[in-house]
Amino acid sequence: MLNRLGSAAIWPFFYSIRYEPNRSSSASKPLTPPSLVRVSFLPRSRSRQSRQRYSKRVHPGNHSLSFALTTASQNRPRSTVAMSSNADTAQAKSRSGRLPRKRFYRARAHSNPLSDSHFPIPISPADFDCSHHYPYFFPPGSGGRSDGDAPPRKVRFADIGCGFGGLLVGLSPLFPDTLMLGMELRDKVTEYVKERILALRASNPGHYENISVVRTNSMKYLPNYFEKGQLSKMFFLFPDPHFKEKNHRRRVISPQLLDEYAYALEVGGIIYTITDVEELGDWMRSCLEDHPLFGAVPEEELVLDPVVKLLSSATEEGQKVARNGGQTFRAVYRRIKLEEE
Numbered sequence: 001m002l003n004r005l006g007s008a009a010i011w012p013f014f015y016s017i018r019y020e021p022n023r024s025s026s027a028s029k030p031l032t033p034p035s036l037v038r039v040s041f042l043p044r045s046r047s048r049q050s051r052q053r054y055s056k057r058v059h060p061g062n063h064s065l066s067f068a069l070t071t072a073s074q075n076r077p078r079s080t081v082a083m084s085s086n087a088d089t090a091q092a093k094s095r096s097g098r099l100p101r102k103r104f105y106r107a108r109a110h111s112n113p114l115s116d117s118h119f120p121i122p123i124s125p126a127d128f129d130c131s132h133h134y135p136y137f138f139p140p141g142s143g144g145r146s147d148g149d150a151p152p153r154k155v156r157f158a159d160i161g162c163g164f165g166g167l168l169v170g171l172s173p174l175f176p177d178t179l180m181l182g183m184e185l186r187d188k189v190t191e192y193v194k195e196r197i198l199a200l201r202a203s204n205p206g207h208y209e210n211i212s213v214v215r216t217n218s219m220k221y222l223p224n225y226f227e228k229g230q231l232s233k234m235f236f237l238f239p240d241p242h243f244k245e246k247n248h249r250r251r252v253i254s255p256q257l258l259d260e261y262a263y264a265l266e267v268g269g270i271i272y273t274i275t276d277v278e279e280l281g282d283w284m285r286s287c288l289e290d291h292p293l294f295g296a297v298p299e300e301e302l303v304l305d306p307v308v309k310l311l312s313s314a315t316e317e318g319q320k321v322a323r324n325g326g327q328t329f330r331a332v333y334r335r336i337k338l339e340e341e
């Protein structure tokens, strides 16, 4: 039977498989694989009586199969098949104006930025199709130009590691004519932001047309999306702290990456950073302070900047910190010009 279903060696060692032929089955009848097998997630720590009580058995033909799978979590509500089907229906609902639900987009909290992921990347900024992300500003037949013979619009704000898109949604009404792009490495989170934007556009016609998101690794491919001096604002809100010293190279703010950020920012452009980890806040401030192309923005200017208020309130991470009464550490720096530039 196992040969028909697949070699038992391919099953992970923490899976337990139990096959029991039905007593009423005839020995002369050949064994046929079942047409339907229900999988139940049962921790091994349960007692035998409890395992029997929760075990689900099905009887395909003349045989019964019972699979007991060990999982790390004892509260797994549903199978991944049901989760994926609900995610498909969420895409259709978003176009009708209903916001997607996060529980249908389960994702890891962190993703390794040094790994080789597989997703489409433009060869150069000229190959990045803005009309696909901002159809309101690039109507069909415009040839990539947003307004007659005027130069084509370009992305001006970039939210690096945008998460669930809270900052983009908050900034869109404040700068309705400015194109903004969120860059996220996790695929499930990116899909959620896409459906969220589509739902907001459907329920608010004419609004939220200036925001979009792409799945990419901004630590590797930022120059593939933005030309020199194209951006006026960059946001790094609550990035992964990577506490271990050997993982500091994975931090999104580093002396090496600041060179690329300075390349994409125009002179006078602003880079916003905020975190709830004091050690990471000191690290980012130190990197920006030591870089020759960045200078601190005075506190007097930050009070008048409407963007600063959204740094800790618009994002989901910022709201979580506020609910828990945590402290945030902010660093805002401006791109400055050197004499040789």
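Under full-length UniProt numbering, the first residue of the sequence shown is numbered 1, with each subsequent residue one higher.
Cβ coordinates follow ideal geometry from the N, Cα and C atoms, glycine included.
**Q.** Which of helix, strand or coil DSSP assigns to A158
**A.** It is a strand residue.
**Q.** Best match in Y272, E260 and T328 for proximity to F157 [C-alpha to C-alpha]
**A.** Of Y272, E260 and T328, the residue nearest in Cα terms is Y272.
Q. What is the DSSP secondary structure of R98, reduced to helix, strand or coil?
A. Three-state DSSP puts R98 in coil, outside helix and strand.
(Q) Check this for me: beta carbons of residue 342 and A199, under 7 Å apart or not? (A) Given that the chain is displayed from residue 1 to residue 341, the structure contains no residue 342 and the question cannot be resolved.
Q) Among K220, S172 and R330, which one has its Cα closest to the Cα of I123? A) That would be K220, whose Cα lies nearest to the Cα of I123.
Q) Residues in its own chain within less than 8 Å of A262 by CB, not counting five upstream and five downstream? A) Correct list, in chain order: H291, L293, F294 and R335.
Q) From this set, K154, E316 and I270, which residue's C-alpha is nearest Q230's C-alpha? A) In this structure, K154 is the residue among K154, E316 and I270 with its C-alpha nearest to the C-alpha of Q230.
(Q) I'd like the list of long-range same chain contacts for E279, defined as Cβ closer than 8 Å, with 5 residues on each side in sequence excluded. (A) Listed in chain order, the non-local C-beta contacts of E279 below 8 Å within the same chain comprise P241 and F243, local neighbours out to five positions each way being set aside.
Q) Which residues mark the beginning and the end of the beta strand (DSSP E) in which Y333 is found? A) Here the beta strand (DSSP E) through Y333 covers F329 to R335.
Q) Can you give the beta carbon distance from F226 to L179, rounded, assuming they're within the 8 Å contact cut? A) Contact between F226 and L179 does not hold, since their C-beta atoms are separated by about 11 Å, which reaches or exceeds 8 Å.
Q) Under the three-state reduction of DSSP, which class applies to S232: helix, strand or coil? A) The answer is strand: DSSP assigns S232 an E or B state.
**Q.** Bridge partners - T273, DSSP secondary structure assignment
**A.** Answer is F236 and A331.
Q) How would you write the range of the alpha helix (DSSP H) that V321 sits in, first residue to last? A) For V321, the enclosing alpha helix (DSSP H) starts and ends at E316 to R323.
Q: Report, in whole angstroms, the separation of the C-beta atoms of F236 and L167, which I expect to be a contact under 8 Å.
A: The beta-carbon distance between F236 and L167, rounded to whole angstroms, is 11 Å. This is too long to meet the 8 Å contact definition.
Q.
Closest to G281 by C-alpha separation, out of E301, N217 and T328, would be which residue?
A. G281 has its Cα closest to that of T328, out of E301, N217 and T328.
Q: Step through the CB atoms of chain B and report whether any lies within less than 7 Å of the CB of Y192.
A: In the structure shown, chain B does not exist; there is a single protein chain.
Q.
Would K337 and V267 be called neighbours here (beta carbons separated by less than 7 Å)?
A. By the CB criterion at 7 Å, K337 and V267 fall inside the cutoff.
Q: Mind listing, in chain order, the continuous alpha helix (DSSP H) runs of no fewer than 4 residues lying wholly within the stretch 264-311?
A: Qualifying alpha helix (DSSP H) stretches, in chain order: 278-290, 299-304 and 306-311.
Q: Give every residue of the same chain whose Cβ lies closer than 6 Å to the Cβ of H133, excluding the five residues on either side of it in the sequence, and list them in chain order.
A: A distance below 6 Å between beta-carbons, with the five flanking residues on each side excluded, links H133 to the following residues of its chain, in chain order: S212.
Q.
Given this structure, state the Cα-to-Cα distance separating A264 from P205, to the nearest angstrom.
A. Near 32 Å, if we compare the C-alpha coordinates of P205 and A264.
**Q.** Contacting residues, own chain, Cβ-Cβ under 8 Å from R323 (five flanking each side not counted)
**A.** Cβ neighbours of R323 beyond the five flanking positions: none.
Q. Is G326 helix, strand or coil by DSSP?
A. DSSP places G326 in coil when its eight states are reduced to three.
Q) Would the beta-carbon of A331 fall within 7 Å of that of L288? A) Yes.
(Q) What does DSSP give as the partner residue(s) for S254 in the beta ladder? (A) Bridge partners of S254: none, in fact.
Q: Would you identify the three-state DSSP class for E191, choosing helix, strand or coil?
A: Under the three-state reduction of DSSP output, E191 falls in the helix class.
Q: List the endpoints of the continuous beta strand (DSSP E) containing I182.
A: Sequence check: residue 182 is Gly here, not Ile. Start and end: L179 to E184.
Q: Can you give me the start and stop residues for the beta strand (DSSP E) that S212 sits inside?
A: It spans I211 to R215 - the beta strand (DSSP E) in which S212 sits, taken as one unbroken run.
**Q.** Cβ neighbours of T89 in the same chain (closer than 7 Å, five flanking residues each side left out)
**A.** Annotation note: pLDDT 49 at T89 (below 50); position unreliable, no value reported.
Q | Of the residues P140, A202 and D187, the one placed nearest K163, counting alpha carbons only | A | A quick correction: the sequence has Gly, not Lys, at residue 163. Comparing Cα positions, the closest option is D187.
Q. Are there 16 or more other CB atoms within 10 angstroms of the CB of N217, so buried, or fewer, so exposed?
A. It is buried - the Cβ of N217 has at least 16 other Cβ atoms within 10 Å.
Q. What is the DSSP secondary structure of N204, reduced to helix, strand or coil?
A. DSSP places N204 outside both helix and strand once states are collapsed to three, so it counts as coil.
Q: Return the CA-CA distance between R250 and Q256, expressed in angstroms with no decimal places.
A: Answer to the nearest angstrom: the Cα atoms are 11 Å apart.
Q | Contact belief for L171 with L311 at Cβ below 8 Å, rounded distance in angstroms | A | Cβ-Cβ separation between L171 and L311: approximately 11 Å, too far for a contact (criterion under 8 Å).
Q | Span separating the alpha-carbon of residue 343 from that of E195 | A | The chain is shown from 1 up to 341; residue 343 falls before or after that span and cannot be answered.
Q: Verify whether the separation of the beta carbon atoms of L174 and P306 is less than 7 Å.
A: Contact flag set, yes.
Q. Contact check, G269 vs S232 under 8 Å by CB: the rounded distance?
A. Cβ-Cβ separation between G269 and S232: approximately 5 Å, consistent with a contact (criterion under 8 Å).
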